[in-house]
Each structure stands twice: as C-alpha cells, then as structure tokens.
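Trainee:
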Amino acid sequence: MSAFLILTLTGLASTSVLLTVTGIALFRNGLRALAYWLFAWSALIQGGLATLLVPHYPEIAPITPIFSSFVAPFMLLGALAHTERADRLWLILASFVLAVTRVSAYLVGARDFAISIAIATEPMLAFVAAWVMLQPPHGSKRKLVASDYALAVGFALYGGVEFFDAVSHARDSFGWANWIAWVAIGVPLASTQIYVHLDRIGRSARRHEDAARANAMRLEMLAQSPQDFLSEVDERGLLTWVSPGAAVATGRPVEALIGRNVLEFLAPSSDSMIWSKLTAHGRLTTEDAEEAAGTSHLAILPDGSRRWYEFLATSYRTLSGDLRFVTRTRDVTARAEQELILRRSEARLRRAEQIGRVGSWELDLESNEMVFSDEMVRIHGIDPGIGPITREMTLGLVHPDDLASARRTWARVRELGEPEEQLFRIVRANDGAIRNLRVLTEADRDAEGRVVRLVGATFDITEQIALTDQLRQDQQRFRSLVDSNIVSVYFAHRDGPITEANDAFLSLLGYTKEDLPLDWRDLTAPEHRREDADRAAAEDPSRLAQPFEKDFLTRDGRRIPMLLSFAQLSADTSILIGVDLRERKQAEAYRAQYQKELEETIATRTRELVESRSRLIEHDRLVAVGTLAAGVAHQINNPIGAILNCAEYALMCRDDEEVLEIYERALRDNLAEARRCAQIVRSMLQFSREQPTAKWVEDLNRVARRAHRAVHPLARERGASVSITTTDDAMLIRMSPIELEQAILNVVHNAIESRESGAKVSIVLARRDKTATIEVVDDGRGIAPEHQDRIFEPFFSTRTRAGGTGLGLSVTHGVVVDHGGQVRIESVPGVGTRVLISLPIEE
C-alpha cells in the first residue's frame with residue numbers, strides 16, 4: 000500500500016467523520032435537510048474508502064454495499080425535509096434491509112443479484128429526490144426558487160452517476176472514470192446543498208434580527224406605557240425586574256419593588272390562581288403561567304386602594320437553568336368593576352326571575368335556536384347541559400291541546416311583528432308536571448325592517464290559576480253558606496251601618512232586605528252597646544275576634560240572644576256570623592233544673608246507701624260476733640272445767656289435814672281461770688264494739704288449731720278437706736287471740752268456698768328467723784288478675800250473688816297489720832290461691 004493511498008484513505012476517513020459529526024449537530028439544531036445530506040455524503044465516502052481497500056483486503060468486498068445502500072435514502076430524506084415535508088424514517092429501515100440483502104447475496108455468491116438491487120433502487124431514489132424538489136407540499140405557500148431547480152438537476156445527475164456506477168460494477172469495469180464522475184457530480188451537488196442552507200440560515204438570522212429589533216422597540220414602548228407594565232418573577236413569586244410603569248401602578252419606586260413577593264400585592268382570594276398556587280405550593284410552574292394567561296387578579300396597593308390587573312405571562316429558563324416568568328400586567332379595574340356590576344345585575348335578575356317565576360328568552364329566526372334564562376330552564380324542566388335549545392324542542396313541550404294555538408300566535412308575531420300575549424300549558428320535561436304559562440312575545444327587526452328575532456317573557460302562573468280556582472270555589476261555598484240561611488250573616492261598617500245581610504239574620508229580627516241599611520248599634524241591647532263600641536274602635540280588632548254573645552233587639556222589642564264571631568274584611572268593614580242561642584239557652588235552663596233535681600236525688604240515694612252500708616256492716620259484725628261466740632264458748636269451756644275440777648277436788652278433801660292448803664291452792668287456780676275467762680270475754684266485747692283490743696303473748700299454734708276446729712262444720716257441709724301442720728316448738732306472738740283466730744277463720748272460709756264443693760285446703764305454720772308464717776293454700780277457682788289489686792278493699796267481693804259481703808279479707812288485713820304483720824296473696828285463675836300471713840315473734 001503506497002503512501003499516497005494511505006494519505007488518501009486517511010483524508011477520506013477524516014472527511015467522513017467530520018461530515019457525520021457536523022450532520023448530528025445540524026440535526027439537533029433543526030437543520031434536518033442539510034444533516035441528512037451530510038449523512039449521505041459521509042456514507043458515500045465510507046463506501047469509496049471500502050472500495051479502495053478491496054484490492055488489498057479482498058475479504059471485505061461483501062460489506063462494501065452496506066455504505067452505498069444508505070446514500071440514496073439519506074439524499075431523499077434531505078429533499079423531503081428541505082421541501083418541508085414530514086420525515087419518512089422508514090427509508091432508513093428500508094436501507095438497512097437492502098444493505099443486509101446485498102451483503103447476503105454477495106456471501107452466497109449471488110453477486111449479480113446484489114448489483115441488480117443497486118441498479119434498481121439507488122438511481123430510482125435519486126430521481127425521486129429530484130422530483131420532490133420540484134413539488135411543493137400540498138397547501139404550502141412556499142414557492143420554487145432557483146436553488147430548488149439547481150438541487151433537482153443535481154439529484155438527477157447524481158442518479159445518473161449512481162446508475163453508471165452500478166453498471167460498471169456489473170461489468171467489472173469500475174475505474175478512474177467512475178471516480179472522476181463521482182467527483183464531478185459530488186462536489187457541485189454538495190456545495191450547492193451547503194450554500195443553499197447557509198444562505199437560508201443567513202436570511203433567517205436577518206429576519207430574526209429584524210424581528211428582535213422590532214420586538215425590542217415594541218417592548219420599549221410597552222414598558223413606558225402608563226396602562227401596562229412588564230415584570231419578571233422567579234418561580235417563588237419574587238420580582239426580579241419591573242418596567243417603569245410598575246412604579247405608577249403600585250405607588251412605589253422600581254428599586255423598592257425588586258425582591259418583593261407578588262403575594263404582598265394580591266388580595267387573598269381563592270379565585271386568584273397565582274395567589275392559590277403560591278399559597279398552596281410556594282412556587283409556580285410553566286403550566287401555571289399558561290393557566291394564568293388572561294386572568295384577572297385583585298391587588299391592594301400601599302394606599303389601601305383596590306385595583307384589578309390582568310396578566311399575560313410566558314416562561315423561560317436563564318443560562319443557569321432558573322425558571323423565570325415574564326408578565327405583562329394591565330390595569331383592568333374599570334372593566335372588572337363593570338363586570339362585577341354586570342354579574343350583580345345578572346344575579347339580581349336571576350333572583351327576581353326566580354321570585355317572580357318569570358323567565359326570559361330569545362329566538363333567532365335564522366338559526367331557529369333559542370336562548371333561555373335560568374328560570375326558563377327551570378320552568379320547562381330542561382336539563383341545563385342538554386345543549387342548544389331549538390324552537391321545535393320547545394314546542395314539543397307544549398300541551399297537545401294548546402299546541403295549535405301556540406303555533407298560530409308565534410306565526411302572527413313573526414309575520415306582523417306586533418306584540419302578542421298568549422296562555423298555554425306545557426308538560427315539563429323532567430317530571431311530566433303540567434304548568435300554566437303566560438307568554439309575552441315581541442319582535443326585533445333588522446335595518447331593512449325584517450323580523451329577525453323574537454324575544455319574550457314567560458310567567459309561570461300555575462299557582463295563580465290554582466289560587467284563583469280555589470278562591471272562586473271558596474266564594475261559591477261562602478255565597479252558598481250565606482244564601483242557605485243556615486246561620487245569620489251580615490256585613491257591618493265600623494261606624495254602624497249594616498250594608499248587607501242574609502234572610503236568616505233579617506227575618507230573625509223582623510226585618511227584610513228593603514229595610515237595609517240598618518244600624519247595628521240600634522239593634523244591640525243597651526247593656527252590650529258599650530262593649531260593641533270598644534270592639535269596633537279597637538286598632539286591631541283581630542285581637543278581639545273571639546266568639547262572643549250578645550242580645551239583639553227585634554223590630555217589636557223582643558230580645559234574641561246570639562253567639563257571634565267576626566272577621567275583618569277591610570279597615571272599616573267586617574263580616575259577622577251569628578247563631579240563634581234561644582234553644583240553647585232554654586236547653587241550658589232545663590239542664591240546670593234537671594241538674595239540681597238530679598243532685599238532690601243523688602244526695603237522697605247516697606244517704607240511703609250509707610245507712611244500708613252501716614246496717615250491712617253491723618250485720619256482718621254480728622255474724623262475726625256469733626262466730627266468735629262459738630270460739631269463745633270453746634275457749635271458756637276449758638277454764639270453767641278447770642274451776643269445776645278445783646272446786647270438786649277441794650270439797651272431796653275437806654276432811655284432809657291439809658285442807659286449808661288445798662282450799663287455798665284451789666281458790667288461787669279458780670281465780671286465775673276466772674281472770675282468763677274475763678280476759679277472753681273482754682276481748683270479744685272490744686272486737687264487737689270496734690275498740691282497741693288487749694294483746695298478750697300466746698302460742699300461734701294453739702290459735703291456729705282452734706281456728707281449724709272451728710271450720711270443721713263448714714268443711715263437712717261443703718265436702719272440703721282442711722289439713723293443718725303446726726311447728727313442734729311454740730311460736731309466741733303478742734296478740735289478741737280472738738282477733739287473730741277470726742283473721743285465720745276468714746281466710747280458711749274463703750279457701751273452702753273457692754269451689755262449689757270438695758275443695759282441698761292446707762294450713763301450714765312455719766318459723767323463718769324472727770317471723771312466724773301461716774300459709775293457707777287451696778285448689779279453687781283462683782282470683783282474676785284484674786281483681787287482685789282490690790281484694791283488700793271493703794265490700795269488694797266476686798261472690799256477691801252467693802252472699803259474699805266483701806268484708807272477710809278486709810278484716811283479716813286490718814287485724815294482721817294491727818299485729819305488725821303482712822298479708823300477701825298469690826293466685827292463678829283455674830289453679831288456686833295461696834295466702835301468706837307473716838307475724839313478728841315475741842323476743
């Protein structure tokens with residue numbers, strides 16, 4: 000390998016690398032067309048470099064097509080970019096596929112096939128590039144210039160050289176002629192490409208310079224504007240630069256504004272996007288600048304005044320990478336105040352429409368679209384987000400019975416241009432409710448007098464119609480009430496005249512309608528006139544509108560009592576409704592007389608009942624005394640027997656030496672037994688006379704056994720069995736034995752009589768700590784729950800028809816309580832009754 004060849008190869012390799020690096024830089028800066036062309040020339044030089052190396056290194060011959068396969072596609076991509084068409088990056092993929100195919104063909108020995116691919120594709124792509132240069136893209140305003148034609152010719156010649164090169168390879172005649180051809184077409188074409196783009200870059204730079212100069216002039220003018228001022232802030236909202244106009248707007252020197260945060264000038268408001276972002280996040284983003292464009296913000300100046308400013312902002316980054324926002328701020332206070340006034344007016348209008356239930360609308364006759372106010376949307380029940388509202392859509396809501404009339408009215412307004420009023424019904428879109436509407440329609444004309452728009456107001460009068468109908472019905476009912484003459488009705492003036500009255504009132508007083516007007520003061524009884532005058536003179540008669548009574552004077556001087564109520568119809572007129580009280584007064588008199596007679600009768604019957612009750616109580620007490628007498632006889636029988644025995648024994652021992660001692664002991668025993676008899680008799684007398692009885696300590700078992708023996712006759716009579724269980728030890732109770740025995744007898748009697756016959760009754764005495772208990776259980780009919788709370792009431796009995804007096808349990812309860820004890824009754828209807836008597840044991 001000669002030195003010349005080495006230098007040539009080195010130069011070509013350096014040139015290829017330089018072109019590739021330059022192409023990459025140009026591509027990154029947006030010069031895509033020149034970048035693609037430099038990539039193409041770099042690939043061509045690399046192919047030539049490989050061709051020069053083949054004689055020395057034959058083994059690399061198969062890879063030489065790799066480089067040449069990319070030349071024509073890159074030339075075409077550059078042409079597309081130069082003519083402002085979209086990149087066809089699939090050409091690069093296609094080039095790679097062609098390169099792989101040609102290399103594969105060489106490797107398998109199909110060299111002719113590989114060359115045929117080059118003859119078919121590379122010249123064709125070059126000719127396509129020439130054609131692209133002469134065809135501006137569709138819709139582009141770009142015009143062909145001389146450089147475009149020069150490049151088109153260059154691409155066409157380049158395509159010819161590609162064809163000549165491929166044919167030479169096919170004939171194995173590649174030599175100096177091919178190198179000369181490549182240099183002859185390559186250098187001019189590459190030079191033209193570079194010149195065209197350098198010229199374009201220069202012209203673009205001049206245009207940008209002119210634009211920058213013009214922008215600088217406009218910026219200077221804008222910076223000096225008294226209405227607008229410019230500012231620059233960093234992402235934290237700190238001012239880094241302001242124009243002189245900022246001093247006028249804020250009232251502070253420019254130097255005092257630098258470094259201040261814009262939050263110091265903005266009023267706190269969630270409506271201000273800048274204030275919200277800085278407050279929430281402490282920084283601004285490029286998206287915030289775009290979002291804030293055209294928005295208005297309220298600022299509070301140092302003097303306390305409030306101004307509205309509109310921002311237009313853009314963002315950029317400094318050389319150090321810091322984010323900056325350049326804003327143009329315009330004072331729009333006047334506009335903002337007008338907009339605020341307008342919004343308040345619109346809000347008041349919407350409120351007024353809502354209160355008055357009136358909606359406004361417009362119909363554009365050309366587009367057939369309607370504009371509805373919020374209240375119109377509510378009245379018709381239309382979804383606010385439904386989109387454009389058309390006339391046909393509105394007519395579709397009109398009630399079918401009113402549709403023809405509504406169409407005719409609108410047609411007249413459109414034809415004649417005269418205002419119209421119409422009433423019709425609609426069926427609301429959202430709930431199907433029927434609403435009654437009153438619609439006022441007017442026409443707007445253009446300069447030529449044609450009707451172009453209909454405007455109107457719609458009143459929802461559904462409630463008014465309902466109230467009108469209700470008022471009409473009420474009037475009819477009231478008139479029917481007045482004319483029916485069921486009650487007296489008249490209309491009176493505060494000063495006295497009765498202007499209208501029904502026949503019921505007039506005939507009651509002996510007058511007719513021909514006698515009207517009458518004076519209510521003349522018709523009023525003298526004792527009621529002062530009260531009526533005070534009522535008529537009251538500032539607020541409704542406070543005195545309670546019904547009242549008074550007497551009216553008839554034509555012939557009779558008195559008619561009436562109950563009156565009135566309602567005020569106006570400041571001076573009232574309606575009065577009266578009811579004749581004569582029958583009620585007579586009924587009250589009869590009722591009073593009857594009440595008096597009834598009270599006397601009741602008093603008499605009460606005395607008789609009290610006397611009967613006293614006799615009944617006395618009878619029951621005698622029965623109880625009789626029962627006690629039997630018990631007393633039994634009790635006295637023992638001490639009397641003891642007295643007799645003692646006496647007989649003393650007589651038998653009269654001849655005994657110790658007769659005196661025997662006599663003395665017999666006399667003492669007789670005296671004790673006699674005292675016992677006296678005590679028993681005294682207790683019986685006290686009980687029969689309802690006097691407090693004497694109490695002494697006695698064994699409860701003995702008393703219970705006496706009661707058990709006393710009920711034997713009744714038990715045999717009714718076929719009942721009565722068992723008794725006493726304690727082994729004596730249970731000493733301070734008691735009146737007569738009373739306590741009677742209490743036990745009453746309970747056992749009830750238990751025996753709890754069934755018609757055959758009742759089973761058990762008497763069980765027991766000791767529980769310091770309490771003695773007597774439990775009487777039967778299997779009788781039981782006591783109904785509703786009667787259990789009354790069984791201790793005197794004279795309450797469920798056996799009245801069977802001779803029950805209702806005194807037995809009442810007496811038992813009184814005796815037990817008097818002895819410091821308690822009585823508890825448990826009963827289940829149909830099962831039986833359990834009576835538990837508890838008494839304190841004597842210590």
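FYI, this note's numbering numbers position 524 of the sequence shown as 523, with every residue one higher than the one before it.
Every residue, glycine too, gets a C-beta built ideally from N, C-alpha and C.
If you're wondering where the values come from, they're calculated on a predicted model, not measured in any experiment.
1) Is it true that the CB of L439 sits closer than 7 Å to the CB of G455?
2) Please state whether DSSP places G802 in a helix, a strand or coil.
3) Thinking just about the alpha-carbon of each residue, which of L744, G813, D579 is nearest to the one in V710?
4) Between the Cα of D875 and those of G320, D533, D321, spot the shortest distance and give me the residue it belongs to.
5) I need the straight-line Cα distance from D468 to I460, nearest angstrom please.
6) Quick one: what does DSSP say V488 is sitting in, helix, strand or coil?
7) Thinking just about the alpha-carbon of each residue, which of F3, A591, R437, R259 is nearest to the one in E420?
8) On the DSSP letters alone, give me the boundaries of the beta strand (DSSP E) that L739 sits inside.
9) Can you tell me which of the three DSSP states I574 falls into?
10) Whole angstroms are fine: how far does the CA of V426 sit from the CA of H527?
11) Can you tell which of R27, T19, R31 has the C-alpha that lies nearest to the C-alpha of L43?
12) Quick check on the burial criterion: 16 or more other C-beta atoms within 10 angstroms. Buried or exposed for I273?
13) Taking the runs of the alpha helix (DSSP H) that are 4 residues or longer, which of them lie wholly in the stretch 759-799?
14) Between the beta-carbon of A71 and the beta-carbon of L124, is there less than 7 Å?
15) Distance check for Q585 and R557, CA to CA, integer angstroms please.
16) For S826, I'd like the list of residues in its chain whose CB is within less than 8 Å of its CB, leaving aside the five on either flank, ordered along the chain.
17) Tell me which residues share the same chain as A491 and place their Cβ nearer than 7 Å to its Cβ, disregarding the 5 neighbours each side in the sequence.
18) Over what stretch of residues does the alpha helix (DSSP H) that includes P399 continue unbroken?
19) Determine the burial state of G802: buried for a count of at least 16 other Cβ atoms within 10 Å of its Cβ, exposed for fewer.
20) Would you kindly work out how many angstroms separate the C-alpha atoms of I642 and A703, rounded to a whole number?
21) What residue from A176, T82, D164 has the CA that sits closest to V131's CA?
22) Let me make sure I understand the geometry here. Which of P252, E290, A432, L143 has the alpha-carbon closest to that of I378?
23) Work out the CA separation of K276 and D287 for me, nearest whole Å.
24) Can you list, in chain order, the residues of its chain whose CB lies under 6 Å from that of G158, leaving out five sequence neighbours each side?
25) With a cut-off of 8 Å on the beta carbons, I'd call L300 and T249 a contact; round off their distance for me.
26) Looking at C-alpha atoms only, which residue of H707, F551, R717 is the closest neighbour of V747?
27) Say whether the stretch 226-239 touches the stretch 187-202, bearing in mind that this needs 3 or more beta-carbon pairs closer than 8 Å, one atom from each stretch.
28) Would the beta-carbon of I732 fall within 7 Å of that of L764?
29) Among L580, E697, E716, which one has its Cα closest to the Cα of D728?
30) So, is H280 buried or exposed, given that buried needs 16 or more other C-beta atoms within 10 angstroms?
31) Is the CB-CB distance between A750 and V760 below 7 Å?
32) Please state the DSSP three-state secondary structure of E83.
33) Among D330, A183, T393, which residue has its Cα nearest to the Cα of A246?
34) Would you mind stating whether T328 and A312 have Cβ atoms separated by less than 7 Å?
35) In terms of DSSP beta bridges, what is S809 paired with?
Mentor: Judging by the given coordinates:
1) Mapped onto the sequence shown, residue 455 falls at position 456. Mapped onto the sequence shown, residue 439 falls at position 440. Closer than 7 Å, so yes.
2) Indexing the sequence shown from 1 puts residue 802 at position 803. In this prediction, G802 scores a pLDDT of 49, lower than 50, which makes its location untrustworthy; no coordinate-derived value is stated.
3) Indexing the sequence shown from 1 puts residue 710 at position 711. Comparing Cα positions, the closest option is L744.
4) No answer is possible for residue 875: the residues shown for the chain start at 0 and end at 842.
5) Translated into positions along the sequence shown, residue 468 becomes position 469. Translated into positions along the sequence shown, residue 460 becomes position 461. CA-to-CA, the gap between D468 and I460 works out to about 12 Å.
6) Locating residue 488 in the sequence shown gives position 489, where the first residue counts as 1. In the three-state reduction of the DSSP assignment, V488 falls in the strand class, which pools E and B.
7) Residue mapping note: residue 420 aligns to position 421 of the sequence shown, counting from 1. The shortest C-alpha to C-alpha distance from E420 to any of F3, A591, R437, R259 is the one to R437.
8) To locate residue 739, count along the sequence shown from 1; it is residue 740. First-last for L739: 736-751, but that is the alpha helix (DSSP H), not the beta strand (DSSP E).
9) Here the question's residue 574 lines up with position 575 in the sequence shown. In the structure shown, I574 sits in a strand (DSSP, three-state: E or B).
10) Locating residue 527 in the sequence shown gives position 528, where the first residue counts as 1. Locating residue 426 in the sequence shown gives position 427, where the first residue counts as 1. Roughly 59 Å between the two C-alpha positions.
11) What you label residue 43 is simply residue 44 of the sequence shown in a count that begins at 1. Selected option, being the one with the closest Cα: T19.
12) Position 274 of the sequence shown, counted from the first residue, corresponds to residue 273. I273 should be labelled buried.
13) Note on the stretch 759-799: there is no whole alpha helix (DSSP H) run with a minimum of 4 residues.
14) Within the sequence shown, numbered from 1, the residue matching residue 71 stands at position 72. Within the sequence shown, numbered from 1, the residue matching residue 124 stands at position 125. Yes, the Cβ-Cβ distance between A71 and L124 is below 7 Å.
15) Along the sequence shown, one-based indexing puts residue 557 at 558. Along the sequence shown, one-based indexing puts residue 585 at 586. Taking the straight line joining both Cα atoms gives about 16 Å.
16) Within the sequence shown, numbered from 1, the residue matching residue 826 stands at position 827. Leaving aside the five residues that flank S826 on each side, the residues in its chain whose CB is nearer than 8 Å to its CB run, in chain order, G781, I782, Q787, T832, R833.
17) To locate residue 491, count along the sequence shown from 1; it is residue 492. Here the set comprises I497, W519, S573, L575.
18) The count along the sequence shown starts at 1 and reaches residue 399 at position 400. P399 -> no alpha helix (DSSP H), and no H or E assigned at all.
19) As a first step, residue 802 is located in the sequence shown; it is residue number 803 there, counting from the start. Confidence at G802 is low in this model, with a pLDDT of 49, below 50, so the placement of that residue is unreliable and no value is reported for it.
20) Along the sequence shown, read from residue 1 onward, the residue named residue 642 stands at position 643. Along the sequence shown, read from residue 1 onward, the residue named residue 703 stands at position 704. Their backbone Cα atoms lie some 25 Å apart in a straight line.
21) Taking the first residue of the sequence shown as position 1, residue 131 is located at position 132. Nearest option by C-alpha distance: T82.
22) In the sequence shown, the residue the question calls residue 378 occupies position 379. Comparing Cα-Cα distances from I378 to each of P252, E290, A432, L143, the minimum goes to A432.
23) Reading the sequence shown from its first residue, position 288 is the one you call residue 287. Reading the sequence shown from its first residue, position 277 is the one you call residue 276. C-alpha separation (whole angstroms): 8 Å.
24) As a position in the sequence shown, residue 158 is number 159, starting the count at 1. Cβ neighbours of G158 within its own chain (closer than 6 Å, five residues either side excluded): P122, A125, F126.
25) Counting from 1 along the sequence shown, the entry for residue 300 is found at position 301. Counting from 1 along the sequence shown, the entry for residue 249 is found at position 250. That belief holds up - the Cβ atoms of L300 and T249 are roughly 6 Å apart, short of 8 Å.
26) For the purposes of this step, residue 747 is taken as residue 748 along the sequence shown, with counting starting at 1. For the options H707, F551, R717, the alpha carbon positioned closest to that of V747 is the one of H707.
27) Between the stretch 226-239 and the stretch 187-202, the count of Cβ pairs shorter than 8 Å is below three; the stretches do not touch.
28) The residue labelled residue 732 in the question sits at position 733 within the sequence shown. The residue labelled residue 764 in the question sits at position 765 within the sequence shown. Not a contact, by the Cβ cut-off of 7 Å.
29) Here residue 728 refers to the residue found at position 729 of the sequence shown. When only C-alpha atoms are compared, the closest one is E697.
30) The residue given as residue 280 occupies position 281 in the sequence shown. For H280, the number of other beta carbons within 10 angstroms of its own is below 16, and it is reported as exposed.
31) Taking the first residue of the sequence shown as 1, we reach residue 750 at position 751. Taking the first residue of the sequence shown as 1, we reach residue 760 at position 761. Cβ atoms of A750 and V760: closer than 7 Å.
32) Working through the sequence shown from its first residue, we reach residue 83 at position 84. E83 falls in the coil class under three-state DSSP.
33) For the purposes of this step, residue 246 is taken as the residue at position 247 of the sequence shown. With distances taken between Cα atoms, A246 lies closest to D330.
34) On the sequence shown, residue 328 is found 329 positions in, with the first residue counted as 1. On the sequence shown, residue 312 is found 313 positions in, with the first residue counted as 1. No.
35) In the sequence shown, counting from the first residue as 1, residue 809 sits at position 810. In the DSSP assignment, no residue is bridged to S809.
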